[in-house]
Amino acid sequence: MKALLHFLLAAILLMVPCLASPIESGQAIEVQILGVPPGEQSRVAATYSVSDDGFVNMWQIGRIKAAGLSTDALARKIEAAYRAAEIYTSPTIQVMSNSSDRLVQQLVTVGGKVRSPGAKPYQRNMTLYQAVMAAGGATEFGAVNRVKLYRDGDVSTYDLRRAKDKLLKVEPNDVVDVPQKNVLGR
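Residue 0 is where the sequence shown starts when you use numbering that gives the first Met the number 0, and the numbers rise one by one after that.
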């Protein structure tokens with residue numbers, strides 16, 4: 000009887016991962032990163048929206064296919080992408096998802112040297128300057144003349160001291176990074 004009970008318990012525990020539903024388009028997922036310097040964690044750790052075509056837009060590595068994968072499979076895929084791009088040597092990614100969570104809001108992720116890094120609600124016609132200000136603005140160490148915008152795997156650099164660059168429209172799922180000033184204070 001005891002052996003049967005142990006067998007049933009083991010069978011139930013083995014079935015639990017199979018019951019986890021795969022990630023779907025439009026779903027909210029939370030990504031955490033360990034094994035990198037604390038200042039780098041805020042660039043990746045955020046809540047992401049899975050796009051209609053099933054991708055998440057990750058800092059520096061761009062679009063990663065998420066729909067149809069388990070949270071563990073997506074975490075391993077993101078880890079491998081960061082290692083392959085030689086951005087991080089040994090990242091540990093954790094992806095959390097509640098299949099019932101759907102993003103009503105679209106998000107823009109702002110990281111680096113800002114006062115409140117993380118995912119910020121996207122607003123229609125939001126500018127690059129507004130996105131940085133939604134994160135509390137740059138700290139005294141933030142280089143506003145070299146703000147990076149990551150979109151669909153492409154990286155562009157903008158100078159928020161210039162009106163034209165301040166007015167650049169951001170899009171849902173963009174990642175904005177305010178880097179640290181260099182030794183010259185720029």
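The beta-carbon is built from N, C-alpha and C at its ideal position, and this holds for glycine as well.
Within 8 angstroms, strictly: CB atoms of residue i and residue j
i: G67; j: I22; result: yes
i: T91; j: L33; result: yes
i: V146; j: V169; result: no
i: N172; j: S20; result: no
i: G111; j: A45; result: no
i: D153; j: N144; result: no
i: I63; j: K76; result: yes
i: L106; j: D164; result: no
i: V177; j: G135; result: no
i: V182; j: L148; result: no
Buried versus exposed, by CB contacts within 10 Å (16 or more), residue i
i: M95; result: exposed
i: K119; result: buried
i: K113; result: Note that residue 113 is Val in the sequence shown, not Lys. Buried.
i: S41; result: buried
i: Q26; result: buried
i: T156; result: exposed
i: A162; result: exposed
i: N56; result: buried
i: G38; result: exposed
i: V30; result: buried
i: L189; result: With the chain covering 0 to 185 only, the question about residue 189 has no answer from this structure.
i: A83; result: exposed
i: V43; result: buried
i: T88; result: exposed
i: Q179; result: exposed
Extent of the continuous alpha helix (DSSP H) to which residue i belongs
i: L167; result: Looking at the DSSP string, L167 is not in any alpha helix (DSSP H), and its letter there is neither H nor E.
i: Y128; result: L127 to A133
Three-way DSSP call (helix, strand, coil) for residue i in this model
i: R150; result: strand
i: I254; result: Outside the displayed span of the chain (0 to 185) sits residue 254, for which this structure offers no information.
i: P37; result: helix
i: D71; result: helix
i: R62; result: strand
i: A45; result: strand
i: V109; result: strand
i: N124; result: coil
i: N144; result: helix
i: A84; result: coil
i: N97; result: strand
i: T138; result: coil
i: E29; result: strand
i: S20; result: coil
i: S155; result: strand
i: N181; result: coil
Contact test: residue i Cβ vs the ligand NAD heavy atom, cutoff 7 angstroms
i: P178; result: Absence of the ligand NAD from the depicted structure is noted, as is the absence of any ligand whatsoever, leaving it without description.
Residue interval of the beta strand (DSSP E) (run including residue i)
i: P120; result: G117 to P120
i: N56; result: F54 to M57
i: D176; result: V174 to V177
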